[in-house]
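Since the structure comes first, as structure tokens, the remarks are kept for the end.
Listed below in structure tokens is the structure:
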């Protein structure tokens, strides 16, 4: 165990972990929203993320930008980021809508058992992933350099660049917006009602199918923004990257308390930091192991996760 490396680069591992954890948290919101309402683990959500990530890159390609392009000027950078974010959010929300309509809604109409939903989710995930693999010929796609990685300032010796600020800032803004939407809007009241008791909510005039569709769209939008931030940060995308990232986002949702929006934020940030600490302590090859090992240990002592409050019991 390399304690010297961990302690000497503690601030660097922390800032890098928070940046990566912000992406996990955004994707985790989709898992926690769907589970909170349907008690369903939507394993196809990782491909919803991939749809947004590819949509962002293809949008930049449409403007003539490739992986060798470097954009300058604040106005141009903001324009390309904003347009790509809108397209990525629409693409991911559209993908989530198709999954809900084609894969899950027919099963709900037939009162299918939970196992059927699980198998369908895994099948949809593999099908969408392979479709992207065939379309891209399993080759990586590169994103243009939109945001500079040149350090802007230092925090306890750790360099902070614009990519980190953009990733964490955008993720926090989206999470706050979603939390306010669920807890303060009329539609959000309907989401909480369906999450708490779907049958009673229907008797009170809440359209369950409409609420479920909105939940998938909201989760897809978060995943689309996460896909854009992933492109900006990593700058290389492959069709299969969503599998491991999706598992980690699901882990973050469970870590914070599945069905808890704020728990997804806490779990995502915590998971990103933990795996970076493990990378410094044991080596990068232990990074993924540590992320899942912490989850197992936590659930042994706290099965409901860190916060553990369900979406249906969230306070307005």
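Residue numbers (my numbering): 3 to 318. Don't be surprised by glycine CBs; every beta carbon is placed ideally from N, CA and C.
- Residue 99 sits close to residue 218, with the two beta carbons spaced by under 8 angstroms.
- Under the Cβ criterion (8 angstroms, minimum of three pairs), the region 150–163 does not count as touching the region 243–261.
- In the structure shown, residue 199 adopts coil according to DSSP, grouped into three states.
- Beta-bridge pairing by DSSP links residue 156 to 161.
- Between residue 115 and residue 60, the alpha-carbon positions lie close to 39 angstroms from each other.
- Cβ contact annotation for residue 268 (same chain, cutoff 7 angstroms, sequence separation greater than five): 258, 308 and 309, in chain order.
- In the three-state scheme derived from DSSP, where H, G and I count as helix and E and B as strand, residue 307 is classed as coil.
- In the structure shown, the three-state DSSP call for residue 263 is helix.
- Between the C-alpha atoms of residue 92 and residue 222 there is a straight-line separation of about 8 angstroms.
- Contact between residue 274 and residue 22 is confirmed by a C-beta separation of about 4 angstroms, below the 8 angstroms threshold.
- The beta carbons of residue 5 and residue 239 sit about 35 angstroms from each other, so the pair does not count as a contact at 8 angstroms.
- Burial state of residue 202 is exposed, judged by a 10 Å Cβ sphere holding fewer than 16 other Cβ atoms.
- Judged by their CB atoms, residue 160 and residue 17 are nearer to each other than the 8 angstroms cut-off.
- Rounded to whole angstroms, the Cβ separation of residue 36 and residue 42 is 6 angstroms, and the two are in contact under 8 angstroms.
- In the displayed model, residue 66 falls within coil according to three-state DSSP, outside both helix and strand.
- In the structure shown, residue 151 falls within a coil segment according to DSSP collapsed to helix, strand and coil.
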